[in-house]
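First up is the structure itself, then whatever we jot down about it.
Residue numbers (our numbering), protein chains in the order written: chain A, 19 to 465; chain B, 19 to 465.
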């Protein structure tokens, strides 16, 4: 643990953008041209142990500077704080950030300001796990259940999950933990891959990547849909032909539809046996998802990557609106709120299949699923973490996939730390990549 | 109308903050120390007619700079646009802003980025109404119903309101319009006042202000509650004694409670005959509001000032979760989205009683209620606009209250324009007020 007197002496921020739109990686019906980006922060301390807390909000390009500004607005809450107190109790900081009496107006608990809170809170957990010398999944799995309960904000969810119920779930979840940890270290955690299915890819590329996914040991793939029904039917047929009948094939509409359209379109794809329909409509529409789910069964309904906080997840579960909960590590208020969401999912018996991809999301979210397996639900049945093979090379401790499974990270922390040279090169607009790029295309400099 | 060739040549932004926290004006259980602020913009054109479009997001202090950054992120969508095209069809810009394929990730349609869209869209409506030489309420009431329908984004609400249904509501709403316009001009639109009820006020001040409200012709007041039940009981008793049994007395918890707490606390105040309980819990909790409403009747349930968009309002109406819809002019995506919300409320027969106060919110929202009366629902029964007597002196065309009613504005535009000298003085941190203030208290400069 850090020296008792050590303080946070800097909260450094970076606007990091990768030019992914140029290869159509990540293209879908709602997001045709993402430049995967991170509003990134580093907590520096005077502990003298060389440890830093790294965290980030994921965005897809324009507006990343707004996200950085939001992180900077939180700086006064963190600067000067005791490192040992932060690491011993990230929940107190989490509550202080969410409860800031003026910043709260900008949400509350949603959008830019809430994602900024998530970035800062996650950086603290990265630091805490590093100080403990453990990967975050293990740091959480080794933690005392009562302490984990103390890290959860039950405001607005107590009608669905009480602290006592959470404690019971976590206490029960510990039984057999050592055996599951051994399984995790040996086999990893199941993954599925979205790499074949981006909208911008040709049918030939789709077929090739789908067959590659099979060869790589994945048992589930995902296709983007929602722009054009005839195209979707052709692409689903192509993918199904490539992978055969036994592989799960999810489809993802990225919020393109109204409720009625979602029902019609999903039914029209039914002959290809889609496993789930993801983001059929607005992530805010609890009742809409419930109506869609009732109409498209046995196709499952999945959402979560844009669900703003635990309050909306609570309702999706209360209303029986989803079959699959897609946790995201960087959308909500960080590890503390994701503990609440994992507990809610466990309480309602709904499997969590995290959203990942982008930049760094795979690195982060694997820890949460692995904790869930080792010390909460105790199962990986019907659970898979999304995997996309983009941009991992920029991380010090990148995810490792073997035979369709995430390997359990062994390095201390949250796997959130980007390589210094990547930060330098892709900082916007002054890093080496962008400076050269913008010099070549002066007429296209965004404001 | 502006010359056909005229373009938007500048989108100037200002970070304007008023030090209201020092007088405890605006103090409530969740917001103890607001500094009412505006992330403000001015659209300037080369039309040569001297007209500008003014708009703003309302915030309560810290983070106003984040809100300004979000408005600036939208600048490329507006700069260079044809003024006549913008004014003839603000809906096209509104859709472009909401649909920005990268900025969308930062919401979608919620929080900082969505409020920024609202500010820009409202500035366009201000300019359009000025160009037409009409106050906005009249500009809307005179508009062709089919054109108004074209201004609404039905995405995600078509399961509750179709374009055809909207057209029917607006067409029917026009009947008798001239007579209602005459009534509006003669009598104004009913208001209620929150001025007596801020948490930070003494009982003596509460009594004095409540009696003053009666003398001023108001028939409804509102008290902040939710910090301490014994205090609330004493304050409700004091206020009820001051105003007698015939005045409506609403109470407002500003999201302090869980569902169960909201039910218990509201019932505990029942003997004082509260008219509505406002913001009993998270604005995101549709199902929670429905449960509270079922349990606290005949006390009505009201919410809206923090409801992020039309999708959540749709569900509040579908679930029968609210008796009163509290429209806010600056929280959602501007006039276009507020048209959708007014139409949804009309469709479900739920009265709209707008949230106002802060800085400039009264000036804006009166136009929307007046349009609703003249050309949509045709009634003011059980409808009142909140009124708070703060900061109106900073506006060129401030609201005017007479005998408990908002007078109908007569000046062209959206009444959004702040006095230049106020902008100069209260710009943060360099305006005259803040420069002097921060010089006196250098240790308290926020980051």
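Even for Gly, the Cβ is constructed at its ideal location relative to N, Cα and C.
Query raised in the report: What three-state label does DSSP hand residue 152 of chain B in the structure shown?
Result: Three-state DSSP puts residue 152 of chain B in coil, outside helix and strand.
Query raised in the report: Are the beta-carbon atoms belonging to residue 343 of chain A and residue 375 of chain A less than 7 Å from one another?
Result: Contact: no.
Requested in this report: Answer yes or no: does any C-beta atom of chain B fall closer than 7 Å to that of residue 463 of chain A?
Outcome: With a pLDDT of only 48 at residue 463 of chain A, under the threshold of 50, the placement of this residue in the model should not be trusted; the figure read from the coordinates follows. Output row for residue 463 of chain A: interface = no.
**Report entry** Complete alpha helix (DSSP H) runs within the region 375 to 421 of chain B (minimum length 4 residues, chain order)
**Finding:** You should have 379 to 393.
Requested in this report: With DSSP as the reference, label residue 51 of chain A as helix, strand or coil.
Outcome: Residue 51 of chain A: coil per DSSP, three-state reduction.
**Report entry** residue 242 of chain A beta carbon less than 7 Å from that of residue 217 of chain A
**Finding:** For residue 217 of chain A and residue 242 of chain A, yes; Cβs fall inside 7 Å.
Query raised in the report: Which of the residues in the region 327 to 356 of chain B, read from start to end, lie with their CB under 9 Å from any CB of chain A?
Result: Going along the region 327 to 356 of chain B in chain order, one finds 327, 329, 330, 332, 333, 336, 337 with a Cβ nearer than 9 Å to chain A.
Query - Cβ-Cβ separation, residue 422 of chain A to residue 209 of chain A (assumed contact under 8 Å), whole Å - result: About 6 Å separates the beta carbons of residue 209 of chain A and residue 422 of chain A, which is inside the 8 Å limit, making them a contact pair.
Query - Contacts that residue 304 of chain B makes with chain A (C-beta to C-beta distance below 8 Å) - result: Result: 304, 305, 333.
Query raised in the report: What in chain B is Cβ-close to residue 294 of chain A, meaning under 7 Å?
Result: Residues of chain B with a Cβ closer than 7 Å to the Cβ of residue 294 of chain A do not exist; the shortest Cβ-Cβ separation is about 20 Å.
Query - Top-ranked residue by Cα proximity to residue 403 of chain A, from A/173, A/349, A/40, A/382 - result: When the alpha-carbon of residue 403 of chain A is set against those of A/173, A/349, A/40, A/382, the nearest one is in A/382.
Query raised in the report: Quick one: what's got a C-beta closer than 8 Å to residue 22 of chain A's C-beta in the same chain, skipping five residues either side?
Result: Apart from the 5 residues on each side of it in sequence, residue 22 of chain A sits with its Cβ closer than 8 Å to the Cβ of 100, 102 in its chain, given in chain order.
Query raised in the report: Are the C-beta of residue 242 of chain A and some C-beta of chain E separated by less than 7 Å?
Result: Absent here is chain E; the protein component of the structure consists of chains A and B.
Query raised in the report: Along the chain, where does the alpha helix (DSSP H) that runs through residue 326 of chain B open and close?
Result: In this chain, residue 326 of chain B is not harboured by any alpha helix (DSSP H), its DSSP state being neither H nor E.
Query raised in the report: Around the C-beta of residue 437 of chain B, are 16 or more other C-beta atoms found within 10 angstroms, so that it is buried, or is it exposed?
Result: Flag for residue 437 of chain B reads exposed.
Requested in this report: Locate the beta strand (DSSP E) running through residue 241 of chain B, then write down its first and last residues.
Outcome: Residue 241 of chain B -> beta strand (DSSP E) spans 238 to 242.
**Report entry** Cβ neighbours of residue 69 of chain A in the same chain (closer than 8 Å, five flanking residues each side left out)
**Finding:** Cβ-Cβ distances below 8 Å link residue 69 of chain A to 20, 63, 145, 148, 149 in the same chain, with the five nearest sequence neighbours on each side left out; the list follows chain order.
**Report entry** Closest residue to residue 428 of chain A among A/74, A/135, A/153 (Cα-Cα distance)
**Finding:** If we check each option's Cα against that of residue 428 of chain A, A/153 comes out closest.
Query raised in the report: What did DSSP end up calling residue 263 of chain B once you bin it into helix, strand or coil?
Result: Looking at residue 263 of chain B - three-state DSSP - the assignment turns out to be coil, as it is neither helix nor strand.
Query raised in the report: chain B partners of residue 121 of chain A, CB-CB under 8 Å?
Result: Within 8 Å Cβ-Cβ: 80, 81.
Report task. Using a Cβ-Cβ cut-off of less than 9 Å, list which residues of the region 39 to 63 of chain A approach chain B; keep chain order. Result -> Those would be 39, 48, 49, 50, 51, 52, 53, 55, in chain order.
Report task. From the DSSP output, read off the bridge partner residues of residue 74 of chain A. Result -> Partner(s): A/58.
Query raised in the report: When the Cβ atoms of the region 125 to 132 of chain A are set against those of the region 121 to 141 of chain B, are three or more pairs found closer than 8 Å?
Result: Contact holds: three or more Cβ-Cβ distances are below 8 Å.
Query raised in the report: Mind pulling the alpha helix (DSSP H) runs of 4 or more residues that sit fully within the region 151 to 194 of chain A?
Result: Annotation: the region 151 to 194 of chain A contains the following complete segments of the alpha helix (DSSP H) (minimum length 4 residues), in chain order: 154 to 159, 163 to 168, 181 to 192.
Query raised in the report: Run through DSSP, which three-state label would residue 318 of chain A get?
Result: Strand.
Query raised in the report: What's the C-alpha gap between residue 463 of chain B and residue 456 of chain B?
Result: With a pLDDT of 48 at residue 463 of chain B, under the threshold of 50, the modelled position of this residue cannot be trusted; read the value that follows with caution. Those two C-alpha atoms are separated by around 6 Å.
**Report entry** Interface partners of residue 324 of chain A on chain B, CB under 7 Å
**Finding:** 126, listed in chain order.
**Report entry** C-beta neighbour in chain A for residue 100 of chain B, strict 7 Å
**Finding:** Residue 100 of chain B does not count as touching chain A.
Query - Alpha carbon of residue 84 of chain A to alpha carbon of residue 166 of chain A, nearest angstrom - result: C-alpha separation (whole angstroms): 32 Å.
Requested in this report: Would you kindly work out how many angstroms separate the C-alpha atoms of residue 9 of chain A and residue 28 of chain A, rounded to a whole number?
Outcome: No information on residue 9 of chain A is available, as it lies outside the stretch 19 to 465 that chain A covers here.
Query raised in the report: Hey, does residue 31 of chain B have any beta-carbon neighbour from chain A nearer than 7 Å?
Result: Chain A contact via Cβ: absent.
Query raised in the report: So the alpha helix (DSSP H) residue 452 of chain A belongs to, where does it begin and stop?
Result: Residue 452 of chain A -> alpha helix (DSSP H) spans 450 to 458.
Query raised in the report: Quick one: which chain B residues come within Cβ less than 7 Å of residue 276 of chain A?
Result: Result: 173, 174, 176, 177.
Query raised in the report: When the distance is taken between beta carbons, is residue 443 of chain A closer than 7 Å to residue 434 of chain A?
Result: For residue 434 of chain A and residue 443 of chain A, no; Cβs fall outside 7 Å.
Query raised in the report: Ends of the beta strand (DSSP E) at residue 213 of chain B?
Result: Per DSSP, residue 213 of chain B belongs to the beta strand (DSSP E) from 207 to 215.
Query raised in the report: Along chain A, in chain order, which residues have C-beta atoms closer than 8 Å to that of residue 218 of chain B?
Result: Within chain A, no residue has its CB atom less than 8 Å from the CB of residue 218 of chain B, the nearest being about 13 Å off.
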